[in-house]
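Novice:
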Amino acid sequence: MKAFVFPGQGSQYEGMCKDLYEAYPEAREICEKANEVLGFRLTDVMFNGTAEQLKQTHITQPAVFLHSVVANRVMTIDQPQMVAGHSLGEYSALVACGALSFEDALRLVHKRALAMQKACEMQESTMAAVLGMQDDRVDQICQQVTGDVVVAANFNCPGQVVISGTVAGIDKACELLKENGAKRAIRLQVGGAFHSPLMQPAAEELKQAIMDTEFHEPICPIYQNTNAYPQTDPEAIRQNLVLQLTSPVRWTQTIKNMIVDGATEFYEFGPGDVLKGLIKKINPEAFVG
336 MKAFVFPGQG
346 SQYEGMCKDL
356 YEAYPEAREI
366 CEKANEVLGF
376 RLTDVMFNGT
386 AEQLKQTHIT
396 QPAVFLHSVV
406 ANRVMTIDQP
416 QMVAGHSLGE
426 YSALVACGAL
436 SFEDALRLVH
446 KRALAMQKAC
456 EMQESTMAAV
466 LGMQDDRVDQ
476 ICQQVTGDVV
486 VAANFNCPGQ
496 VVISGTVAGI
506 DKACELLKEN
516 GAKRAIRLQV
526 GGAFHSPLMQ
536 PAAEELKQAI
546 MDTEFHEPIC
556 PIYQNTNAYP
566 QTDPEAIRQN
576 LVLQLTSPVR
586 WTQTIKNMIV
596 DGATEFYEFG
606 PGDVLKGLIK
616 KINPEAFVG
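Sequential numbering from 336 applies to the sequence shown in the numbering used here.
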């Protein structure tokens, strides 16, 4: 079975999607539609902007989403038999499986980015990568930090977990993790605690927009970040999306569940190929195209 996967924030790069725009009429059509929906020329920043400009959340998220949708549309003629996306990538996956229209998903992504940026400005917060420690042990040690918010946010692959929280909480957790055997615990250059309780204001802001958006029955199951299980019910998909901003991304479990359910080929659509590497670490026997 063919599984399509879509990356999240952090996979952007200077000049992203420009080659597809120039090579495929359908890519140009989708990109110009995105500029129209957003009310500004996102593609100008994607094609000609600096790395610093592309790192701004309100640009990054719609840019990665757009690149992913374009790549999926122009680089395959097949239908997926299951889909998943890492954090932001879940919106690209929802378009790929037909649960959301491109326009509606883009509007939600833009609103998500603005809401997350606002939440980041409310409290100084960050994230850190933890290497060489089992998932449940990272979780346990985060819970030992008192007086500050710190949680396991991204279970990316065995031995690679990202934690999220206040700056003080992350610093305390990193020390504890290293004392307890983590190979590395490194602060990331991220100005926010994504997938943590500190994103609750953003989740509240995004919730009404999600509730007001029409969701359709997908053509195949989507494995969602919040619980890593396949879903086809539009209302359940909607509810899981509301929970996504404050819940961990269970990527390791997602890929394992997809393989158990019959996934034999994984195809990544979007800027970069970070998910291919994670999938091979989760299951070295997996085919990634």
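Where is the CB? At the ideal position from N, CA and C, for every residue including glycine.
Everything numeric in this text was worked out from a predicted model, so none of it was measured.
When the Cβ atoms of the stretch 534-546 are set against those of the stretch 466-478, are three or more pairs found closer than 8 Å?
Specialist: At 8 Å Cβ cutoff, the stretches do not touch.
Novice: Beta strand (DSSP E) containing A520: first to last residue?
Specialist: From DSSP, the beta strand (DSSP E) with A520 extends over 519-522.
Novice: If you drop the 5 nearest sequence neighbours on each side, which residues of the same chain put their C-beta closer than 6 Å to that of G526?
Specialist: Result list for G526: C455, in chain order.
Novice: For the alpha helix (DSSP H) that T548 lies in, which residues bound it at each end?
Specialist: No alpha helix (DSSP H) holds T548; DSSP gives it neither H nor E.
Novice: When the Cα atoms are used, what is the spatial distance from H445 to A362?
Specialist: C-alpha separation (whole angstroms): 20 Å.
Novice: Looking only at its own chain, which residues have a Cβ that is under 8 Å from the Cβ of D506, when we skip the five neighbours before and after it?
Specialist: The residues are R522.
Novice: Based on DSSP bridge pairs, tell me the residues matched to G420.
Specialist: Bridge partners of G420: F341.
Novice: At a cut-off of 7 Å, is C352 close to the ligand FAD when judged by its beta-carbon and the heavy atoms of the ligand?
Specialist: Within the structure as shown, the ligand FAD is missing, as the structure has no ligands at all.
Novice: I554: which of T567, L533, V502, V577 sits nearest, CA to CA?
Specialist: The shortest C-alpha separation from I554 is found at T567.
Novice: Which same chain residues end up closer than 6 Å to Q535 when comparing Cβ atoms and leaving out the 5 residues on each side of it in sequence?
Specialist: T581, listed in sequence order.
Novice: Is the beta carbon of L289 sitting closer than 8 Å to the one on A440?
Specialist: In the structure as shown, the chain starts at 336 and stops at 624, and residue 289 therefore has no counterpart that could be examined.
Novice: Please classify A398 as buried or exposed, where buried requires at least 16 neighbouring CB atoms within 10 angstroms.
Specialist: A398 is buried by the Cβ-count criterion.
Novice: Note down the Cα distance separating Y558 from G607, rounded to an integer number of angstroms.
Specialist: One C-alpha to the other measures close to 21 Å.
Novice: Would Q347 and L377 qualify as a contact pair, given that the criterion is a beta-carbon distance under 8 Å?
Specialist: Not in contact: Q347 and L377 (Cβ atoms no closer than 8 Å).
Novice: Please tell me whether I572 and I590 are closer than 8 Å, where the distance is taken between their beta carbons.
Specialist: No, they are not a contact pair.
Novice: Nearest-angstrom Cα distance between Q414 and T561?
Specialist: In a straight line, the C-alpha of Q414 is about 24 Å away from that of T561.
Novice: DSSP on I554, reduced to helix/strand/coil?
Specialist: I554 falls in the coil class under three-state DSSP.
Novice: Can you tell me whether C352 is helix, strand or coil according to DSSP?
Specialist: Coil, per DSSP.
Novice: Spatial neighbours of L443 within its chain, please: C-beta separation below 7 Å, excluding the five flanking residues on both sides.
Specialist: These residues qualify, in order along the chain: Y426, A544, I545, T548.
Novice: I need the DSSP call for T581, collapsed to helix, strand or coil.
Specialist: DSSP places T581 in coil when its eight states are reduced to three.
Novice: Going by other Cβ atoms of all chains shown within 10 Å of its Cβ, with 16 needed for buried, is V404 buried or exposed?
Specialist: Label assigned to V404: buried.
Novice: Skipping 5 residues on each side, what residues in its chain have a beta carbon closer than 6 Å to that of A537?
Specialist: Only A450, M451, A454, L580 meet the Cβ criterion.
Novice: By the DSSP assignment, the alpha helix (DSSP H) with L533 in it spans what residues?
Specialist: Per DSSP, L533 belongs to no alpha helix (DSSP H) and is neither H nor E.
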